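Accompanying notes for the structure given below.
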Amino acid sequence: MALTVKCSGVACCEKVFEYSMPCEEAAETVVPDTMPDVERVLYTGGTVFLRGKEAAEGSVSVTGQVNATVLYAPEGGEGACTLGAPVQLALTLDAPGVTPDCPVTALLTVASVDAKPLNPRKLLIRAVVNVSVECRKPSSVELASGLEGEEAAQVETLCVRRVISPVICVKEKTFAVSDEYQLQPGLLPLGELLWYAAEPVPGTLRTVGSRLIFSGSLRVSALYAAEGSGELCAADFESEFSQMLDLDAELTNGDFELRTMLTAAYVEPATLAGGERGISAEFHLVTQCVCSDSLSVDCLTDCYSNFFELEPVRTGAETCRVQRRTTLRGSVSEILPASPPPINICRAICSVGAAECENGALRCPVELTAIYLAADGEIYSVRRRVSCETPAELAQGDCAVSVTARCAECGAGITQGGVELRASVDFELAAARRESFEQISAVTLAEEAEMAPRPSVTVVRAGADDTLWSLAKRCRSTGALIKELNALEDAAPLAGRVLLIPAAR
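Per full-length UniProt numbering, residue 1 is the first one in the sequence shown, and the count goes up by one each step.
Written as structure tokens, this is what we have:
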């Protein structure tokens, strides 16, 4: 008897490499001769840029750069000075199974940036970057969908409808956002730009045929010295963008995981078209998109013959499909002692680290900083690292497959002898459901293939768990014969009924 399992393949991108670890790099920088000595460091921040990513035979390389900005109080002077320093990042990772044609996705986020004065003219910059890398290769999901061969007509098969969500393709889009920022009414005129931070914020997405249209914005925070007075001032701006990505194929029920990163930035004071002083900015970005599609497929889970003894071979399989993507907000509030006491808050800054889901809670480290003016006319700062968390709100059977976090709001207020810092963090959660099942991968004949004769009709009282399939398999019949002889309607309840089970001929 010749029987083979018929398989249907679904083209996909199989994950062959995954890496997620913090990476620490350091660099020394010297204060230029035109700038005063460093008396104390007020704040150190950094913007990370993805420079490159490449797959090779058995390895993956990722390069990036942290543009660190050190805000410091000058020795013997007033106000604040700024010093920029690049910290290079280069990783080469062993990645067995990776080939040059594997698409690479990489996400770099700043965990922390610190500056330590080695002497009044030299600083040691230390940057910790969370590095997340994935590689996928073209593959296919093989599912048993039936039997074929000379005797396949004498075998009853049970196929169950399954929903699978394979990754269909990995795409990316590079683009630039240019804008001019005018200071909001009421702010002092712009002098020197001391510090800025730019963060991509996701917006909406939709598909039109085989194209994905996604939008978002760049939130830009700035700290500057006012023209003439040198007073420390803060300003915030926003630039919107909308882009289109070709997916090569129209998806049935697509799910898209988008990660947007800066690759370069050019930000500087400028004279705007109206003649006023403002900021000119050009940002280069890359959006990496992992595209999945939910497909309904038939999967062979059981079979039997009324004429031959069969030995099916079963193998385990698993489906994982994203149930929902949602944004959940957490908040933190800390009161920090400040000496000398503040009289004015110049800027509140919130830096968010890598997020995780553990024990039903979303959690990430948060660094809160307040830069303030004291009564003595000097600039000072206070800083604290805390943890922010919020319930994951996962449904029964769901798990978190992707979690990212970003600061949504940040503020500070003066309290008795200190500073109260507040921040809201938005966690972006992708919740998925994993389901394990067995499918038949092969069918062989038992040693004694021929079956002994059975009664032409068997009388059975159906149990609570009985189905047409289980009754037919147990009594060497078919579901169609049982329905016909007992005049059963589709989906008629069976439990407790006395049924006549005809033997198949």
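Glycine included, C-beta positions come from ideal geometry on N, C-alpha and C.
Remember, it's a predicted structure, so these values are computed and weren't measured experimentally.
Taking only three categories from DSSP, how would you classify residue i?
i	result
Q184	coil
R476	coil
S333	strand
Q65	strand
N486	helix
Q323	strand
Q288	strand
S402	strand
A152	helix
S210	coil
S132	strand
S470	helix
L394	coil
L494	coil
L3	coil
Identify, in the order they occur along the chain, each residue of the same chain with its Cβ nearer than 6 Å to the Cβ of residue i, setting aside the five sequence neighbours on each side.
i	result
L336	V382, R384, G418, V419
S61	E54, T92
R347	L223, A234, I371
T315	S441
S331	S424
Work out the CA separation of residue j and residue i for me, nearest whole Å.
i	j	result
E489	I482	11 Å
L258	L143	28 Å
R211	E367	39 Å
Y224	H284	23 Å
D37	V31	7 Å
E240	I125	32 Å
C364	E389	7 Å
G146	L429	37 Å
V98	S139	13 Å
S59	D94	5 Å
A270	V220	16 Å
E250	A431	24 Å
V133	S20	6 Å
A405	G397	23 Å
L42	D101	46 Å
residue 512	V5	Because the chain here runs from 1 to 505, residue 512 falls outside it and cannot be looked at.
So the candidates are the options; which of them puts its Cα closest to the Cα of residue i?
i	options	result
P391	E435, V286, A355	A355
P189	I279, S215, E240	I279
N67	P100, P117, V128, G9	V128
E24	L108, L83, C81	L108
A503	L193, P202, R454, P342	R454
V70	P86, G64, E57, G77	P86
L373	T404, C357, Q396, P340	P340
S470	L42, V104, E151, E156	E156
M261	A462, E393, L218	L218
G353	P117, A111, G230, E199	A111
A153	A176, V131, C303	C303
L89	D376, V104, G46	G46
V403	R40, A265, D426, V267	D426
Near residue i, which residues of its chain fall below 8 Å by C-beta distance, leaving aside the five closest residues on each side in sequence?
i	result
T263	F49, L50, R51, T174, H284, L285, V286
T204	F214, S215
V401	C320, V322, A430, A431, A432
Ignore the nearest five residues each way along the sequence and tell me which others in residue i's own chain have a CB closer than 7 Å to its CB.
i	result
R121	V30, V31, D37
L247	C169, K171, S210, R211, L212, C291
E393	L328
E57	T99, P100
How about residue i: is its C-beta nearer than 9 Å to some C-beta of chain C?
i	result
R384	Reference to chain C is not applicable here, since this structure consists of a single protein chain.
Can you check the stretch 215 to 279 for any beta strand (DSSP E) of at least 3 residues that lies completely inside it and give the ranges in chain order?
Taken in chain order, the whole beta strand (DSSP E) runs of length 3 or more contained in the stretch 215 to 279 are 232 to 246, 254 to 271.
Can you give, in chain order, each stretch of the beta strand (DSSP E) that sits fully within the stretch 332 to 376 and has at least 3 residues?
Runs found: 342 to 352, 356 to 358, 361 to 374.
Just to confirm the assignment: which complete alpha helix (DSSP H) runs, minimum length 4, are found wholly within the UniProt domain "SipL SPOCS" (37 to 116)?
Within the UniProt domain "SipL SPOCS" (37 to 116), there are no complete alpha helix (DSSP H) runs of at least 4 residues.
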